[in-house]
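Protein chains in written order, with my numbering: chain Z, 24 to 373; chain X, 7 to 330.
For each residue, glycine too, the CB sits at the ideal point set by N, CA and C.
Written out below as structure tokens is the structure these notes cover.
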């Protein structure tokens, strides 16, 4: 006699308990995707898109910004001319997208807006200078951008923001929350492969946006041996009488090794074959991704609407730079989640 | 060629003429027997062949031949006039032998009739003159030096047309090209292509970033390195470990220890630090007892104070640390 539950439908359950209907299962999985498994906090996701027609270089910049925000962003987000901000807000809700990066070019001056969805503050920056990722790769002798580094979020490093007061304080908060938090007790160093630097230049009052890739190099190992371990190829020992000649040959050090004193870390675990636990490794950064110099021009309390908090409003109302006020957003308070900042914080201030 | 044509055309008439001549001559004579007529015919043929050399055909006949040749050539009308003139000089010479006429010709055969020769003379001469004229004209053209014109050796009127069209096109393109250039320049506004990688400013930035990374990594290594003296499974040690971890991490990051803020938001952190389970705090969030308990909305009235406090603390730290 056949077992009543051995039909094809129940065959996959394999003792998992009562059967959950498919819709509920999907919802559970969708909900799980939004939540970071380890810290339990919501993973911030972002949309990078543009308003209005952009020239081709700015479109490349938009693509580069999407790569910076990977993996929690839509790399191939397609937008139509008729989509307005409300559409994006509506789509963002169910997907769990919290941050918007909006590129625009009013009067042929490129602007970049960072906003919190749905009722968060909006920070508008004017881009004074920018360089594309491709330009940077062209200017380097050995560009390094392995595709695997985009599997994890970048680390955010903020510098020069101390003691500035509002609105920069809220800006700092925003940048910290733009990427998922890093828990030092559980994070794997192999996963920290990118770094996003935002440095505030006090003289010029601009923010420098840089994007680097992290490379760990073992210290104290001569160049030859390191290359040997990397390449896994048998070296050419024709001219040498003894292996020790090869190993102990004094090679010249590269010019950047002088800085390594400050950049040395001791690794807690094996990062890869070369960088073993309890060994000293040097941290070497190489620039990838776009390079932006931007100046804060406006802060609004709502999503591209609402009160203008910075520059300090004069008597008359300061009109928005772009006429894209879609609807009157509720003037909510700025979302300050920093009340719960605990050890799962990766922000570093200097 | 014309001579041969004339030859062909005039061959049948010559035979006809010879026959008619013979008949003409035979008729006045041959009123008697037929044999005599036949003999006479035979003799007349012979005579004809001799006659042909000796006697010139009548002017009327020559004119006819010439007309036929002329029609065939179908050239200008003035040739007809030339032909008239040509008729006259050959006429007084008709009494002479045909050799003299043959000397005047270059292409004709000696066996040809005089009529043939007469007709073909004019045709060949016309051809010869035409050839000469063509040769002269052709050499003149080849000898001409052309101006170096990009439009090529074309007729002057067409040249002007083409030149005008080109000028128009160039004019149209100029403003369009300028507009496009302006657009492109405006599009590239702000786009700076880095000339030299790693100039001093970039090096500074990289140093800053490196410092940040180093600090994080050191904190991570301190947090993750197994502590040998304390046994994680023991409760008391677990508490100590956790506290130490948090403190060291926060001190690494130069942030205020939450001990300061603890007083303001006791609910959150007391739960975190005061946990005393049998095991170390589970890594997976939902297993922790404090999961979702410290939710944002719970202490909303205290949240403002805590944020204010943390901000003050940060500012304080910022000022104290200064620019590193």
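| query | result |
| --- | --- |
| Do you know offhand how far residue 107 (chain Z)'s Cα is from residue 248 (chain Z)'s? | 57 Å |
| Can you give me the Cβ contacts of residue 220 (chain Z) inside the same chain, cut-off strictly under 6 Å, excluding the 5 residues immediately before and after it? | 180, 233 |
| To which residues of the same chain is residue 85 (chain Z) closer than 8 Å at the C-beta, ignoring the five residues directly before and after it? | 71, 72, 73, 77, 126 |
| Which one of Z:130, Z:327, Z:75, Z:83 has the shortest CA to CA distance from residue 189 (chain X)? | Z:130 |
| Starting from residue 69 (chain Z) and walking both ways along the beta strand (DSSP E), at which residues does that stretch end? | 68–74 |
| Assess contact between the segment 314–322 of chain Z and the segment 137–146 of chain Z, defined as three or more Cβ pairs (one per stretch) separated by less than 8 Å. Is contact present? | yes |
| Measure the Cβ-Cβ separation of residue 43 (chain Z) and residue 215 (chain X) and say whether it is below 7 Å. | no |
| Whole angstroms is fine: what's the gap from residue 266 (chain X)'s alpha carbon to residue 166 (chain Z)'s? | Model confidence at residue 266 (chain X) stands at a pLDDT of 40, short of 50, so the residue's coordinates are unreliable and nothing is read from them. |
| Grab the span of the alpha helix (DSSP H) containing residue 197 (chain Z) for me, first residue to last. | 191–201 |
| Let me know the secondary structure DSSP gives residue 240 (chain Z) once reduced to three states. | strand |
| Tell me whether residue 41 (chain Z) is buried or exposed, calling it buried when 16 or more other Cβ atoms sit within 10 Å of its Cβ. | exposed |
| Alpha carbon to alpha carbon, how far is residue 224 (chain X) from residue 242 (chain Z)? | 16 Å |
| Is residue 224 (chain Z) helix, strand or coil when you go by DSSP? | strand |
| Which value, in whole angstroms, describes the spacing of the CA atoms of residue 151 (chain Z) and residue 173 (chain X)? | 42 Å |
| Do you know whose CA, among Z:118, Z:236, Z:245, Z:200, lies nearest residue 50 (chain Z)'s CA? | Z:118 |
| In angstroms, rounded to a whole number, what distance separates the CA positions of residue 103 (chain Z) and residue 333 (chain Z)? | 31 Å |
| Mind listing the chain X neighbours of residue 133 (chain Z)? Cutoff is C-beta to C-beta under 8 Å, in chain order. | 195, 196 |
| Nearest chain X C-beta to residue 306 (chain Z) closer than 7 Å, yes or no? | yes |
| Taking the alpha-carbon of residue 66 (chain Z) as reference, which of Z:244, Z:200, Z:211 has the nearest alpha-carbon? | Z:200 |
| Could you give the C-beta distance for residue 208 (chain Z) and residue 230 (chain X), rounded to a whole number, given that I count them as a contact under 8 Å? | 6 Å |
| Can you pull the chain Z neighbours of residue 225 (chain X), defined as C-beta to C-beta under 8 Å? | 207 |
| On the criterion of 16 or more Cβ atoms from any shown chain inside 10 Å, does residue 91 (chain Z) qualify as buried, or is it exposed? | buried |
| For chain X, check one thing: does any of its Cβ atoms lie closer than 7 Å to the Cβ of residue 156 (chain Z)? | no |
| Determine the DSSP secondary structure at residue 209 (chain Z), reduced to helix, strand or coil. | coil |
| When the Cα of residue 78 (chain X) is compared with those of X:128, X:168, X:195, which residue comes out closest? | X:128 |
| Checking contacts by CB at 7 Å: is residue 43 (chain Z) closer than that to chain X? | no |
| Should residue 327 (chain Z) be labelled buried (16 or more other beta-carbon atoms within 10 Å of its own) or exposed? | buried |
| Any beta carbon of chain X sitting closer than 7 Å to that of residue 367 (chain Z)? | For residue 367 (chain Z), the predicted model reports a pLDDT of 40, less than 50, meaning its position is unreliable and no value from the coordinates is stated. |
| Alpha carbon to alpha carbon, what distance is there between residue 165 (chain X) and residue 162 (chain Z)? | 52 Å |
| Are any of the Cβ atoms in chain X nearer than 7 Å to that of residue 315 (chain Z)? | no |
| Cβ of residue 235 (chain Z) less than 7 Å from any chain X Cβ? | yes |
| What is the DSSP secondary structure of residue 148 (chain X), counted as helix, strand or coil? | helix |
| I want to verify the contact list: residues of chain X whose CB lies under 7 Å from the CB of residue 326 (chain Z), in sequence order. | Within chain X, no residue comes near residue 326 (chain Z); the closest Cβ sits about 20 Å away, beyond 7 Å. |
| On the three-state DSSP scale, how would you describe residue 41 (chain Z)? | coil |
| Starting from residue 125 (chain Z), trace the beta strand (DSSP E) in both directions and tell me its first and last residue. | 120–127 |
| As a quick exercise: from Z:188, Z:82, Z:240, pick the residue whose alpha carbon is nearest that of residue 290 (chain Z). | Z:240 |
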